[in-house]
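>
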Amino acid sequence: MTTCKLSELISPAFFDVHRQIKAGKVDELLAKGGRGSAKSSYISVELVLQLLRRPDCNAVVLRRVDKTLRTSVYAQICWAINALGLGGHFRCTVSPMECVYRPTGQKILFFGLDDPGKLKSLKVPRGYVGLLWFEELDQFDGAEQVRNVEQSCLRGGEYSLTFKSFNPPASARSWVNRYALDNRPGKLVHHSTYQTTPAAWLGPRFLADAEHLKETNPTAYRHEYGGEVVGSGTAVFENLRLESIPEEQLRSFDRPLYGVDWGWYPDPWAYNAVHYDAARGVLYILDELTRLRTSNRDTADLLLQRGLTGADFITADSAEPKSVGDYRAFGLSCRAAQKGPGSVTASMKWLQGLAGIVIDQNRCPDTAREFSEYEYERDPRTGDVLPGYPDLNNHHIDAVRYATELIWKRRGA
């Protein structure tokens, strides 16, 4: 077995990811990014390393279509095995398509989901399947299909780790882009680009092509090489920034604003806390709550538990005067939004004209989803973009509009 430095095999962008996985902090890695981001190279190396650490663990690697396996993930795993100096310790075959670790009999198996029945009867000679890799996740049929595969494969073992890699589709409404916004313990979402990859790995032609596209078609460059969700030309909020807000910055926001959009079912009750940096023209969305079929008493208690008091002013939808009165009776300082002709357009234009709308998607996943997916409608006959703002899936957007009402109604705001 030859020796090699791991730092020479994986991009520096993944050093911390490797440390977190090694420490047992991650059971699902969602690796997204643009061309040349080295995410597939990293995952192939990490999968082999995790296999070696657990003698009873086997792996399954998946693509949507069986015919794409041999020249993509199978070749990638074979590369990782050889790069790690383990070529003599694995037997790799294409019929059946598998890589077997000779000392223990552990297997890395490859499947396409154009025949999902193969996975339902999956058996391994020894141990259990604890490692899964969904390559080109966006090509699968949706979160339910992926979840069914995980439920079928990840059985009987004490350890599991799922890798999911993809280049984000342009549309924010794509199921995989929505999935990236869903947070849960143990799930790590990581974004990388070619700019985080050592230049020598990519070569001068790759870099030249990237720079050419950057100059000639910036939007395509952002999507293809930056892995950005650039939309389909109908996004309402082009100033959106989905990024974490550090704790020290949160503590500096001493004058948050609060908004509530009433709801029951199927429309949800939505709450947001925001901070407006007037000097920079940036709105920070700090907190959210979303509830269905929840009484005014219970939602008021949620806000009181959040630390709101009678000194904190909440602006709420004026369509329910009784609900506004209930909040006041429960000890919250709640006022009805001052709607009027043109108020929706005025508030939306103000939001669109900001230098940035920063949403911490870890704290506010529902709000991040609404803002990123909110698009103008198109005429179904002509394809032309229609004027006006759709009144659909915009409950947190409304809560934010109410929270900032006293700002955008100012003359010259």
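According to this note's numbering, the residues represented by the sequence shown are 39 to 451, in order.
Just so you know, even glycine gets a beta-carbon here, dropped at the ideal spot from N, CA and C.
Predicted, not measured: the structure shown is a model, and the values here were computed from it.
For chain D, is any of its Cβ atoms less than 8 angstroms away from the one on L67?
The question asks about chain D, but that chain is absent: this structure has only one protein chain.
> Classify T254 as buried or exposed, calling it buried when 16 or more other Cβ atoms lie within 10 Å of its own Cβ.
The residue labelled residue 254 in the question sits at position 216 within the sequence shown. Exposed, since its Cβ has fewer than 16 Cβ neighbours within 10 Å.
> Is it right to say L68 is buried, meaning 16 or more other beta carbons lie within 10 angstroms of its own, or is it exposed?
Position 30 of the sequence shown holds residue 68. The residue in question, L68, is buried, as its Cβ has 16 or more Cβ neighbours within 10 Å.
> If I'm right that E413 touches V274 with Cβ under 8 angstroms, what's the distance once you round it to whole angstroms?
For this step, residue 413 is matched to residue 375 along the sequence shown. For this step, residue 274 is matched to residue 236 along the sequence shown. Yes, they are in contact, since the Cβ atoms of E413 and V274 sit about 6 angstroms apart, within 8 angstroms.
> Do the stretch 355-366 and the stretch 294-302 touch if we need at least three Cβ pairs shorter than 8 angstroms?
Touching, per the Cβ criterion.
> Rounded to whole angstroms, what is the Cα-Cα separation between D315 and H229?
The sequence position of residue 315 within the sequence shown is 277, counting from 1. The sequence position of residue 229 within the sequence shown is 191, counting from 1. Cα to Cα, D315 sits roughly 27 angstroms from H229.
> Can you list, in chain order, the residues of its chain whose CB lies under 8 angstroms from that of A93, leaving out five sequence neighbours each side?
Stepping through the sequence shown from its first residue, residue 93 is reached at position 55. Residue identity check: residue 93 is Pro in the sequence provided, not Ala. Counting only Cβ-Cβ distances below 8 angstroms, and skipping sequence neighbours, we find T142, Q144 and G165.
> Residue range of the beta strand (DSSP E) that T328 falls in?
What you label residue 328 is simply residue 290 of the sequence shown in a count that begins at 1. Per DSSP, T328 belongs to the beta strand (DSSP E) from V320 to R329.
> Going by C-alpha to C-alpha distance, which of P207, L346, D65 and N96 sits closest to V138?
Taking the sequence shown and counting its residues from 1, the one referred to as residue 138 is at position 100. The option with the nearest alpha carbon to V138 is N96.
> How is the beta strand (DSSP E) around S297 delimited, first residue to last?
Your numbering for residue 297 matches position 259 in the sequence shown. The question names Ser, but residue 297 is Gly in the sequence shown. Where G297 is concerned, the enclosing beta strand (DSSP E) stretches over L295 to D299.
> Under 7 angstroms Cβ to Cβ from G265, same chain only, skipping five residues before and after it: list those, please.
In the sequence shown, residue 265 corresponds to position 227, counting from 1. K70, G71, G72, S75, N205, P206, H229 and T231.
> Could you tell me how far apart the beta carbons of F172 and L100 are, in whole angstroms, since I believe they sit closer than 8 angstroms?
For the purposes of this step, residue 172 is identified with residue 134 of the sequence shown, where counting begins at 1. For the purposes of this step, residue 100 is identified with residue 62 of the sequence shown, where counting begins at 1. About 5 angstroms; that satisfies the 8 angstroms criterion.
> So within the stretch 135-180, which uninterrupted alpha helix (DSSP H) runs reach at least 4 residues, ignoring any that extend past its ends?
Complete alpha helix (DSSP H) runs here, min 4: 155-158.
> P359: which of R344, K377 and Q343 sits nearest, CA to CA?
The residue you call residue 359 lines up with position 321 of the sequence shown. P359 has its Cα closest to that of K377, out of R344, K377 and Q343.
> How far does the alpha helix (DSSP H) with I395 in it reach, from first residue to last?
By one-based count along the sequence shown, residue 395 stands at place 357. No alpha helix (DSSP H) holds I395; the beta strand (DSSP E) holding it covers G394 to I397.
> In three-state DSSP terms, what is W307?
Locating residue 307 in the sequence shown gives position 269, where the first residue counts as 1. DSSP places W307 in strand when its eight states are reduced to three.
> If we ignore side chains and look at the alpha-carbon of each, how far apart do N136 and R185 end up?
Working through the sequence shown from its first residue, we reach residue 136 at position 98. Working through the sequence shown from its first residue, we reach residue 185 at position 147. According to the sequence shown, residue 136 is Glu rather than Asn. Taking the straight line from one Cα to the other gives about 23 angstroms.
> Put L47 into one of helix, strand or coil per three-state DSSP.
Within the sequence shown, residue 47 is the residue found at index 9, counting from 1. Coil, per DSSP.
> On the premise that E415 lies in contact with P428, defined as a C-beta separation below 8 angstroms, what is that separation, rounded to the nearest angstrom?
On the sequence shown, residue 428 is found 390 positions in, with the first residue counted as 1. On the sequence shown, residue 415 is found 377 positions in, with the first residue counted as 1. Right, their Cβ atoms sit about 5 angstroms apart.
> Nearest to K63 by CA position, among S198, R419, A208 and Q343, is which residue?
In the sequence shown, the residue the question calls residue 63 occupies position 25. Closest option to K63, Cα to Cα, is S198.
> With 16 other CB atoms within 10 Å as the buried threshold, where does K77 fall?
By 1-based counting over the sequence shown, the position of residue 77 is 39. Buried is the call here.
> Looking at the unbroken alpha helix (DSSP H) that takes in S361, where does it start and where does it end?
Within the sequence shown, residue 361 is the residue found at index 323, counting from 1. Here the alpha helix (DSSP H) through S361 covers P359 to A367.
> Let me know the secondary structure DSSP gives F275 once reduced to three states.
Taking the first residue of the sequence shown as position 1, residue 275 is located at position 237. Of the three classes helix, strand and coil, the one that applies to F275 here is coil, per DSSP.
> Report the rounded CA-to-CA distance for L330 versus P306, giving the unit in angstroms.
By one-based count along the sequence shown, residue 330 stands at place 292. By one-based count along the sequence shown, residue 306 stands at place 268. Approximately 5 angstroms, taken between the alpha carbons.
> Is the Cβ-Cβ distance between F149 and L157 less than 8 angstroms?
Mapped onto the sequence shown, residue 149 falls at position 111. Mapped onto the sequence shown, residue 157 falls at position 119. Yes. Within cutoff.
> Please report the Cβ distance between T234 and A113, rounded to the nearest whole angstrom; I am assuming they are in contact, meaning their Cβ atoms lie under 8 angstroms.
The sequence position of residue 234 within the sequence shown is 196, counting from 1. The sequence position of residue 113 within the sequence shown is 75, counting from 1. With 8 angstroms as the limit, T234 and A113 do not qualify as a contact, their Cβ atoms being about 23 angstroms apart.
> Below 8 angstroms, how does it come out for the stretch 394-409 and the stretch 431-440: are there three or more Cβ pairs, yes or no?
Counting Cβ pairs under 8 angstroms, three or more are found: they touch.
> Compare the Cα-Cα distances from G369 to each of D339, H313 and F178 and report the closest residue.
On the sequence shown, position 331 is the one that residue 369 refers to. Ranking the options by Cα distance to G369, first place goes to D339.
> If we count the other Cβ atoms within 10 Å of its Cβ and call it buried at 16 or more, is Q399 buried or exposed?
In the sequence shown, the residue the question calls residue 399 occupies position 361. Per the 10 Å Cβ criterion, buried.
> Return the chain-ordered list of same chain residues with a C-beta closer than 6 angstroms to the C-beta of L280, the five sequence neighbours on each side being excluded.
To locate residue 280, count along the sequence shown from 1; it is residue 242. Closer than 6 angstroms at Cβ, skipping near neighbours: I397, Q399 and A406.
> Would P294 and H313 be called neighbours here (beta carbons separated by less than 8 angstroms)?
Mapped onto the sequence shown, residue 294 falls at position 256. Mapped onto the sequence shown, residue 313 falls at position 275. It is a contact, given that the beta carbons lie within the stated cut-off.
> M386: which of V98, F244 and Y440 sits nearest, CA to CA?
Within the sequence shown, residue 386 is the residue found at index 348, counting from 1. Per the Cα distances, Y440.
> With H, G and I counted as helix, E and B as strand and the rest as coil, what does DSSP make of V524?
What is shown of the chain runs 39 to 451, which leaves residue 524 out entirely.
> Who does T353 pair with in a DSSP beta bridge?
Your numbering for residue 353 matches position 315 in the sequence shown. Partner(s): G297 and R373.
> Determine whether the beta carbon atoms of D65 and G224 lie at a separation below 8 angstroms.
Counting from 1 along the sequence shown, the entry for residue 65 is found at position 27. Counting from 1 along the sequence shown, the entry for residue 224 is found at position 186. Yes; because the gap between Cβ atoms is below 8 angstroms, this pair is in contact.
> Across which residues does DSSP place H229 in a beta bridge pair?
By 1-based counting over the sequence shown, the position of residue 229 is 191. Paired residue(s): K70.
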